[in-house]
Structure formats: C-alpha cells, structure tokens
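Trainee: Provided herewith is a single structure, encoded as structure tokens, for subsequent inquiry.
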Amino acid sequence: MMHTLLTSRRMVRKLSLLGWLLFSLVALRGFAAQPTGPTPNRAPLQANAFNPLPLTSVRPTGWLLRELQIQENGLSGHLDEFWPDLGPDSGWLGGTGESWERGPYFLDGLVPLAYLTGDERLTAKVKKWVDWTLENQQSDGWIGPARMTDWWPNYVMLKVLTQYQEATGDPRVIPVMQRYFAFQARHLNDRPLKEWAIFRWHDEVLSILWLYNRIADRSLLDLARRMHDLGHDWEAQFADFRYTGKTGKKQGMLANHGVNNAMAMKAAAVWWLLTGEKKDRESLYQMLRALDRYHGQPSGMFSADEHYAGLDPSQGTELCAVVEAMFSLETDISILGDPALGDRLEKIAYNALPGTMTDDSWGHQYDQQANQVMVSVANRRWSTNGPESNLFGLEPNFGCCTANMHQGWPKFAANLWMGTQDRGLAAVAYGPSDASTPVANGVPVSIVETTDYPFRETVNLEVKTPQPVKFPLLLRIPGWAAGATVTVNDAALDGVKPGEFFRIERDWHNGDSVELHFPMRVVNSTWFNNSIAVERGPLIFSLKIGECWSHLRQSGPATDWEVYPTTPWNYALVVDQKGAAPPFSVTELPVGYQPFSLEGSPVEIAAQARRLPEWQIEDDSAGPLPVSPVTSNRHVETISLVPYGAAKLRITAFPYARN
Ligand SMILES: [Zn+2]
Numbered sequence: 001m002m003h004t005l006l007t008s009r010r011m012v013r014k015l016s017l018l019g020w021l022l023f024s025l026v027a028l029r030g031f032a033a034q035p036t037g038p039t040p041n042r043a044p045l046q047a048n049a050f051n052p053l054p055l056t057s058v059r060p061t062g063w064l065l066r067e068l069q070i071q072e073n074g075l076s077g078h079l080d081e082f083w084p085d086l087g088p089d090s091g092w093l094g095g096t097g098e099s100w101e102r103g104p105y106f107l108d109g110l111v112p113l114a115y116l117t118g119d120e121r122l123t124a125k126v127k128k129w130v131d132w133t134l135e136n137q138q139s140d141g142w143i144g145p146a147r148m149t150d151w152w153p154n155y156v157m158l159k160v161l162t163q164y165q166e167a168t169g170d171p172r173v174i175p176v177m178q179r180y181f182a183f184q185a186r187h188l189n190d191r192p193l194k195e196w197a198i199f200r201w202h203d204e205v206l207s208i209l210w211l212y213n214r215i216a217d218r219s220l221l222d223l224a225r226r227m228h229d230l231g232h233d234w235e236a237q238f239a240d241f242r243y244t245g246k247t248g249k250k251q252g253m254l255a256n257h258g259v260n261n262a263m264a265m266k267a268a269a270v271w272w273l274l275t276g277e278k279k280d281r282e283s284l285y286q287m288l289r290a291l292d293r294y295h296g297q298p299s300g301m302f303s304a305d306e307h308y309a310g311l312d313p314s315q316g317t318e319l320c321a322v323v324e325a326m327f328s329l330e331t332d333i334s335i336l337g338d339p340a341l342g343d344r345l346e347k348i349a350y351n352a353l354p355g356t357m358t359d360d361s362w363g364h365q366y367d368q369q370a371n372q373v374m375v376s377v378a379n380r381r382w383s384t385n386g387p388e389s390n391l392f393g394l395e396p397n398f399g400c401c402t403a404n405m406h407q408g409w410p411k412f413a414a415n416l417w418m419g420t421q422d423r424g425l426a427a428v429a430y431g432p433s434d435a436s437t438p439v440a441n442g443v444p445v446s447i448v449e450t451t452d453y454p455f456r457e458t459v460n461l462e463v464k465t466p467q468p469v470k471f472p473l474l475l476r477i478p479g480w481a482a483g484a485t486v487t488v489n490d491a492a493l494d495g496v497k498p499g500e501f502f503r504i505e506r507d508w509h510n511g512d513s514v515e516l517h518f519p520m521r522v523v524n525s526t527w528f529n530n531s532i533a534v535e536r537g538p539l540i541f542s543l544k545i546g547e548c549w550s551h552l553r554q555s556g557p558a559t560d561w562e563v564y565p566t567t568p569w570n571y572a573l574v575v576d577q578k579g580a581a582p583p584f585s586v587t588e589l590p591v592g593y594q595p596f597s598l599e600g601s602p603v604e605i606a607a608q609a610r611r612l613p614e615w616q617i618e619d620d621s622a623g624p625l626p627v628s629p630v631t632s633n634r635h636v637e638t639i640s641l642v643p644y645g646a647a648k649l650r651i652t653a654f655p656y657a658r659n
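Counted from 1, the sequence shown has number 94 at position 94 by this note's numbering; the numbering is strictly sequential.
Here it is in structure tokens:
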C-alpha cells in the first residue's frame with residue numbers, strides 16, 4: 001500500500017496536466033492498485049480454509065527481500081536481455097521465435113518479483129509482455145502466439161494474468177480471460193488436451209476458479225469439470241501406486257515425470273473445491289506418503305531426474321519440480337489449512353530452493369543431489385537426464401528451469417500470510433515480511449514480522465492499526481517446535497501445541513506485539529540405507545566441503561560452472577550405542593547478505609565423525625551409500641555442518657558409525 005502511494009506520487013510528478021487527468025480517470029475506474037482483501041470462494045465451491053491475499057498484500061523484508069533483490073540483479077532480472085528464447089523474437093511478443101512455455105514461465109516469476117520489489121525496471125518488462133498478450137487476443141478468443149495450438153502454455157499465462165490483475169487491477173484482464181475460456185469451452189472437443197496439458201489440468205482449473213469467484217459465471221464450473229475429466233487421474237495413480245523404484249532409461253513417461261508430479265501435488269485439493277468429497281482431500285496425503293516412501297529426499301522433495309528416481313541421495317531433483325512443489329503446497333495450505341503442509345513448504349523453500357542456486361542467482365542446476373560431492377559434466381546414474389544436469393549455469397541439460405525458476409522466492413513471500421474465513425490473518429509460513437490487508441469489517445491493518453527465521457528461533461510480530469479492532473490471528477506452530485511459546489505484549493499464552501494453528505482473538509491495538517519462540521533442537525532423521533540427516537527447525541544440515549569453482553563456459557553474462565571438492569567428504573557420523581548422535585554444538589553467526597552461502601551462513605553445527613575410506617566417488621557422485629551402522633577404525637574428527645542451502649557441495653544423508 002505504502003509502495004503504491006509512493007509510486008503514484010513519483011508518477012504524478014512525471015505526468016503533464018492532461019496525463020494527470022487521464023491517470024485520475026483510470027484510477028477512479030479502479031486501475032490503480034487499492035488495498036483489497038482476499039476474494040473468498042463463491043458457492044457452490046467449497047470454502048478455502050484460508051484465502052490467498054492479493055499479490056502485494058504481503059511484502060518480503062529483511063533477508064527474504066534480499067533474496068528477491070539478488071534475483072533482480074541475477075538471471076531473473078536480466079535473462080530476457082540475452083537469452084534468445086526470451087528475446088524480441090519471442091512468439092509471446094509477436095515474433096517468430098520461441099512460442100511455447102518459456103515466455104509464460106518467465107513471466108510467472110517475473111510478475112510477483114517485479115511487484116513485490118517494486119522495481120520499475122522489472123514492472124516495465126512485465127508490462128511489455130503482458131500488454132502483448134492482452135492486446136493481441138484473437139477475435140475467436142485465443143491468446144498467445146497465433147501459430148501455437150497447445151493449450152498447455154496458456155495454463156501458465158493465465159496464472160501470470162491472475163497475479164498481474166491482483167497487483168495492478170488492470171481492467172483488461174478479466175474480459176480477456178472470459179473470452180479465452182469461452183473459446184476453450186467451444187473447442188475442447190475439436191482440439192483435445194494433449195501431452196503436458198493432460199497432466200497439468202489442475203493448474204488451469206485454479207485460474208478458472210479465480211475468474212468464477214470474480215464474475216459468478218457458472219459455465220466456468222462446467223469447464224473446470226471438463227478439464228478434470230479430460231485430464232490425468234492423479235488420484236487413481238496414487239490409490240494404486242506402481243512406480244516404486246527408479247525409472248529405467250526407456251520407462252520415462254508423463255505420469256512418472258517429476259515436474260508433473262510436483263504440479264499435481266495440488267490436483268486433489270483443487271478438485272475437492274468442486275466435489276467437497278473427503279476422499280479428494282485424503283488423496284493429497286496418499287500422494288505425499290507414496291512419494292516420501294519410494295522417492296523421498298531429506299530436503300522435503302522427492303527424486304526425479306527427470307523421472308522418479310528412488311531413495312538414493314545421489315539421485316537428482318529438478319529445479320522446476322522444486323518451485324512447482326512450493327506453489328502446489330502454497331495452494332494446498334490455502335485450501336486445506338493443514339499446518340503440516342506449511343512445515344513441508346518451509347523445508348523445501350529453505351533447503352531445496354537455495355541449495356540449487358549460486359549465491360548470486362546467476363546460475364542454477366537442473367538436478368540437485370542431497371549427497372552432491374562433485375558438480376561436473378559426467379554420466380551420472382540419473383533415470384533419464386543428461387551429463388550436464390548438475391552443473392551450475394545458464395541452462396544445464398535443458399532450459400525449462402532457466403525460464404521457470406523465478407517464481408520460487410516471490411510466490412513463497414506472497415503466501416506467508418493468508419486471510420481466515422472470519423476476516424482475520426493466518427501465518428502459514430514464517431519469514432521477514434509486512435502483511436497489509438483489511439480485517440474484520442474492513443479496518444486496514446498491517447502485521448510487521450521481524451525475524452531471522454529459519455536461522456533463529458524467534459519471530460516478532462507488531463500489529464499496526466488505525467483503530468482498535470477485534471480479529472483472529474492464527475499462528476502455525478511447526479510440528480517440530482516442542483516447547484514453543486507465544487506471548488502477547490509480554491504475557492505468555494496457554495495452549496500452544498506443535499503441529500496446530502494457535503488462535504488469538506482479541507481487540508488488537510496499534511503497537512501490540514506478539515513474540516513466537518520456536519525451540520530448534522538438533523535432531524536426526526532416517527533415510528536411505530539407515531543413513532541419518534541432521535535437522536534443526538526447518539533447516540537440514542550438510543557437511544561443509546571445500547569448493548573449487550571451475551569456469552566451464554560463458555554465455556553472455558552467465559557462466560557455467562563445475563565445482564570440485566577440496567576437502568574430504570566420505571564421513572560417517574559418530575553416534576552412541578543407542579543410536580543417538582552425541583550432543584551437537586550449534587554456533588550462531590551474523591546473518592550474511594546472502595544467508596544461503598558459505599560466507600554468509602548464520603548458523604553452523606559441529607558434529608563428530610570418522611572417515612570411511614572405502615566410500616569413494618563413482619561416476620562423479622558419491623558411490624553406493626554404505627548400509628548403516630558402519631564400522632571405521634579412523635580417529636574421531638570434528639566436522640562442520642552448514643545449512644543445505646549454503647552447501648553447493650554436500651553430504652546430507654550420512655552413514656553412521658557406533659562410538
Ligand atoms: Zn526444469
């Protein structure tokens with residue numbers, strides 16, 4: 001809100017009197033963004049547990065804002081300036097070049113990045129792309145490049161348009177979407193869904209329901225049901241899950257494709273909005289349990305390189321799958337309201353996402369590994385991916401992630417807070433941010449969240465309100481946070497339980513403060529071949545390995561890197577006879593500019609370990625993970641563990657040796 005006012009003032013100075021009159025007329029018609037509350041689901045849709053707040057209601061601050069600023073200064077803010085697929089020849093700008101998913105993918109992250117940072121350079125880029133789509137709708141209703149006939153890329157562009165409309169109030173968006181969906185309803189029979197569009201139907205249904213909630217046209221619900229009926233039956237796939245091992249070289253298909261599965265993490269919850277049936281809610285959990293059991297990785301993700309790849313921590317997880325799983329979980333929490341989904345979202349956001357990006361956000365991997373001891377061109381034991389998949393660079397293996405990765409941090413920031421059914425606010429995930437929205441009967445309040453979570457245990461909230469107002473504040477207490485406390489104006493409250501939302505309903509006054517304390521004990525979790533991962537709060541910790549970054553090639557301003565280890569990695573953690581690791585010692589360090597880097601890491605853990613000489617590199621990855629417990633006659637050493645997101649070389653799933 002504050003930002004919008006400042007921007008408006010700055011714009012006003014630049015405008016002539018005539019321009020100002022035109023601007024005022026447009027503003028009066030609602031074009032300028034106004035602080036509005038969430039739009040609840042309209043009957044007969046089921047009610048969301050929490051309603052997403054319009055884009056820009058929640059703005060990142062502190063270290064989380066810096067992640068977005070690093071993106072602005074990295075690939076996200078510059079990719080279109082030199083990457084041909086986003087150049088002036090793009091089909092999404094009227095050219096004859098790339099005319100499929102890459103333009104929309106880029107925009108799906110650039111829109112929230114631009115409007116959350118308020119960077120006018122980026123909003124100008126957004127405007128160029130979005131204007132082309134809005135101004136070049138064909139007379140029959142089709143949007144996008146004229147020679148494209150695939151429905152799938154438009155699923156993404158529709159997500160772009162809904163976010164852009166929320167941030168700007170641009171009145172052109174809703175009519176364009178109405179005409180497009182009418183076109184689709186007329187043509188689904190003669191132009192059926194194919195390939196990706198069959199497996200990703202739920203992502204378009206989200207946009208259909210977004211529009212239905214705003215214009216109440218019931219034919220949209222018919223279209224949503226047709227999309228479901230024509231789409232892949234994800235619920236059936238997980239009711240009888242057949243893909244229990246690593247996918248063979250010739251067994252890759254769209255049903256066992258990692259990104260499709262990550263996107264489909266929202267399918268059951270989205271479909272439940274239309275059915276209200278309990279089995280649809282439960283199907284999400286069936287899916288998560290199957291992925292965890294057969295393909296689960298310590299980062300909260302599942303392996304898929306590019307297809308399901310089993311439990312081995314040397315298998316890979318694609319960056320597109322990481323950002324899509326995050327968006328799916330953000331959607332799921334809003335629909336289902338389950339705090340455990342917030343725990344998983346934080347785990348992926350605070351580990352898998354930064355762990356696969358360079359510190360300056362100029363390079364990313366296609367596939368990350370939990371045990372990643374070398375980054376190099378090599379034939380690893382992927383299910384179906386190529387030899388460049390774990391490089392850090394511009395477009396290792398394939399350029400989908402290059403276009404699609406930008407949405408990760410911005411959408412996460414935008415979804416930290418949501419609206420409750422009874423016109424209050426819910427914290428579904430924690431990070432430094434300001435949330436501004438009308439509550440109760442329309443009183444505009446802000447919650448200022450000051451914290452260095454997930455590196456620290458304390459979250460401070462301050463309520464800002466122009467008048468005393470009663471509304472509920474729901475605070476997610478993470479499942480791992482035994483002993484969590486909540487105080488309001490220094491008075492401790494009773495009944496705080498891990499794994500639940502803690503509800504405070506009171507008359508809030510300006511300046512009221514809430515302090516959350518989440519004790520972060522160091523714990524072990526068990527993974528492949530009895531290996532153990534070290535966790536503290538939402539962070540998992542990996543062996544800090546010396547890194548030698550080796551320049552492989554240059555593409556304009558972007559570098560492709562190999563990374564070689566300069567210190568040993570083949571350690572087994574030492575545990576006592578009962579299987580518990582000896583006390584870990586935690587050191588808190590200053591929060592660096594990029595906290596997910598070896599230089600800026602705000603926390604390190606010292607642990608005891610022994611070398612395991614027989615565990616060696618094979619195919620440029622850690623060789624087969626020995627089954628624990630292992631024996632080693634090497635002396636006990638103290639090793640340093642750092643957050644997974646900071647360690648670009650790492651061991652995360654450790655063998656263990658008895659003391
Ligand atoms: Zn990708």
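Glycine included, every Cβ here is placed at the ideal spot set by N, Cα and C.
(1) Note down, in chain order, each residue of its chain lying with its Cβ closer than 6 Å to the Cβ of V690, except the 5 sequence neighbours on either side.
(2) Kindly provide the chain-ordered list of residues whose Cβ lies closer than 7 Å to any non-hydrogen atom of ligand 1.
(3) Counting C-beta neighbours from all protein chains within 10 Å, is the total for M157 16 or more, i.e. buried, or is it exposed?
(4) My guess is that D619 and S376 are in contact by the Cβ rule of under 8 Å, so how many angstroms apart are they, rounded?
(5) What separation, rounded to the nearest whole angstrom, lies between the Cα atoms of R650 and V591?
(6) Is the beta carbon of P38 sitting closer than 9 Å to the one on T465?
(7) Rounded to whole angstroms, what is the Cα-Cα separation between N385 and N397?
(8) Around the C-beta of S219, are 16 or more other C-beta atoms found within 10 angstroms, so that it is buried, or is it exposed?
(9) Assuming F541 is part of the alpha helix (DSSP H), what are its boundary residues?
(10) Quick one: is Y164 buried, meaning 16 or more other Cβ sit within 10 Å of its Cβ, or exposed?
(11) Suppose only complete runs of 4+ residues qualify. What are the alpha helix (DSSP H) ranges in the region 478 to 563, listed by chain order?
(12) Over the uninterrupted alpha helix (DSSP H) stretch that includes R658, give me the two end residues.
(13) Q251 by DSSP, collapsed to three states: which one?
(14) Can the beta-carbon of H187 be found less than 9 Å from the beta-carbon of W234?
(15) Please report how far the alpha carbon of Y115 lies from the alpha carbon of P52, in whole angstroms.
(16) Counting only the same chain and skipping the five closest in sequence on each side, list residues whose C-beta sits under 7 Å from that of V191.
(17) Using only alpha-carbon positions, find the residue among E81, F238, F302, F392 that is nearest to L552.
(18) What residues are listed by DSSP as bridge partners for H307?
(19) Please give me, in chain order, every unbroken run of the alpha helix (DSSP H) with length at least 4 that falls completely inside the region 41 to 92.
(20) Taking the alpha carbon of K411 as the point to measure from, which residue in A146, T117, A239 has its own alpha carbon closest?
(21) P125: buried (16+ other C-beta within 10 angstroms of its C-beta) or exposed?
(22) Keeping to the same chain, check which residues put their C-beta closer than 6 Å to that of R10; ignore five residues upstream and five downstream.
(23) So, does the region 79 to 90 touch the region 99 to 106, judging by three or more C-beta pairs under 8 Å?
(24) List the residues that DSSP assigns as beta-bridge partners of H364.
(25) Whole angstroms is fine: what's the gap from E547's alpha carbon to E599's?
(26) In this structure, what does DSSP give as the bridge partners for N420?
(27) Beta strand (DSSP E) containing Y571: first to last residue?
(28) In whole angstroms, give me the CA-to-CA distance for Q286 and W409.
(29) With DSSP collapsed to three states, give me the class of R281.
(30) Whose CA, out of V439, T331, L319, E462, lies closest to the CA of E395?
(31) Given that a residue counts as buried once 16 or more other Cβ atoms are within 10 Å of its Cβ, and exposed if not, what is Y593?
(32) With H, G and I counted as helix, E and B as strand and the rest as coil, what does DSSP make of L223?
(33) May I ask which residues mark the beginning and end of the alpha helix (DSSP H) holding I639?
Mentor: Considering the structure as presented:
(1) Since the first residue shown for the chain is 1 and the last is 659, residue 690 is missing from the structure and cannot be characterised.
(2) V259, E318, L319, C320, Y366, F398, C400, C401, N404
(3) Residue 157 sits at position 157 when you count from the first residue of the sequence shown. M157 should be labelled buried.
(4) If you number the sequence shown from 1, residue 619 lands on position 619. If you number the sequence shown from 1, residue 376 lands on position 376. With 8 Å as the limit, D619 and S376 do not qualify as a contact, their Cβ atoms being about 10 Å apart.
(5) By 1-based counting over the sequence shown, the position of residue 650 is 650. By 1-based counting over the sequence shown, the position of residue 591 is 591. Those two C-alpha atoms are separated by around 21 Å.
(6) As a first step, residue 38 is located in the sequence shown; it is residue number 38 there, counting from the start. As a first step, residue 465 is located in the sequence shown; it is residue number 465 there, counting from the start. Cβ distance not < 9 Å, so P38 and T465 don't count as in contact.
(7) Start at 1 with the first residue of the sequence shown, and residue 385 comes out as number 385. Start at 1 with the first residue of the sequence shown, and residue 397 comes out as number 397. Distance between the alpha carbons of N385 and N397: 7 Å.
(8) By 1-based counting over the sequence shown, the position of residue 219 is 219. It counts as exposed.
(9) Within the sequence shown, the letter at position 541 stands for residue 541. Here F541 belongs to no alpha helix (DSSP H); instead the beta strand (DSSP E) covers 539 to 543.
(10) Sequence index remark: in the sequence shown, residue 164 carries index 164 (1-based). Y164 is buried by the Cβ-count criterion.
(11) none
(12) Residue 658 sits at position 658 when you count from the first residue of the sequence shown. From DSSP, R658 is part of no alpha helix (DSSP H) but of the beta strand (DSSP E) over 656 to 658.
(13) Counted from its first residue, the sequence shown places residue 251 at position 251. Looking at Q251 - three-state DSSP - the assignment turns out to be coil, as it is neither helix nor strand.
(14) Residue numbering aside, residue 187 sits at position 187 when the sequence shown is read from its first letter. Residue numbering aside, residue 234 sits at position 234 when the sequence shown is read from its first letter. Not closer than 9 Å, so no.
(15) If you number the sequence shown from 1, residue 115 lands on position 115. If you number the sequence shown from 1, residue 52 lands on position 52. Near 16 Å, if we compare the C-alpha coordinates of P52 and Y115.
(16) Counting from one through the sequence shown, the residue named residue 191 turns up at place 191. Sequence inspection shows Arg at residue 191; the Val mentioned does not correspond to that position. Only T149 meet the Cβ criterion.
(17) Taking the sequence shown and counting its residues from 1, one reaches residue 552 at position 552. That would be F392, whose Cα lies nearest to the Cα of L552.
(18) Along the sequence shown, read from residue 1 onward, the residue named residue 307 stands at position 307. H307 pairs with H257.
(19) 62 to 73, 75 to 78
(20) Locating residue 411 in the sequence shown gives position 411, counting from the first residue. Answer by Cα proximity: T117.
(21) On the sequence shown, position 125 is the one that residue 125 refers to. A quick correction: the sequence has Lys, not Pro, at residue 125. K125 is buried by the Cβ-count criterion.
(22) Here residue 10 corresponds to residue number 10 of the sequence shown, with the count starting at 1. Low local confidence applies: a pLDDT of 39 at R10 is under 50, so the model's placement there is unreliable, with the coordinate-based value given in what follows. Contacts found: none.
(23) yes
(24) Within the sequence shown, the letter at position 364 stands for residue 364. M357, G393.
(25) On the sequence shown, position 547 is the one that residue 547 refers to. On the sequence shown, position 599 is the one that residue 599 refers to. Distance between the alpha carbons of E547 and E599 is about 12 Å.
(26) By 1-based counting over the sequence shown, the position of residue 420 is 420. Checking the displayed sequence, the identity of residue 420 turns out to be Thr instead of Asn. Note: T420 sits in a beta bridge opposite F50.
(27) Within the sequence shown, the letter at position 571 stands for residue 571. Note, Y571: beta strand (DSSP E), 571 to 575.
(28) Mapped onto the sequence shown, residue 286 falls at position 286. Mapped onto the sequence shown, residue 409 falls at position 409. Rounded to whole angstroms, Q286 to W409 spans 27 Å at the Cα level.
(29) Position 281 of the sequence shown, counting from 1, holds the residue named residue 281. In this structure, R281 counts as helix in the three-state DSSP scheme.
(30) Stepping through the sequence shown from its first residue, residue 395 is reached at position 395. Taking only the C-alpha atoms, the option nearest E395 is L319.
(31) For the purposes of this step, residue 593 is taken as residue 593 along the sequence shown, with counting starting at 1. With fewer than 16 Cβ atoms within 10 Å of its Cβ, Y593 is classed as exposed.
(32) Indexing the sequence shown from 1 puts residue 223 at position 223. DSSP places L223 in helix when its eight states are reduced to three.
(33) Within the sequence shown, the letter at position 639 stands for residue 639. Taken as a continuous stretch (DSSP letters only), I639 belongs to no alpha helix (DSSP H), being part of the beta strand (DSSP E) at 637 to 643.
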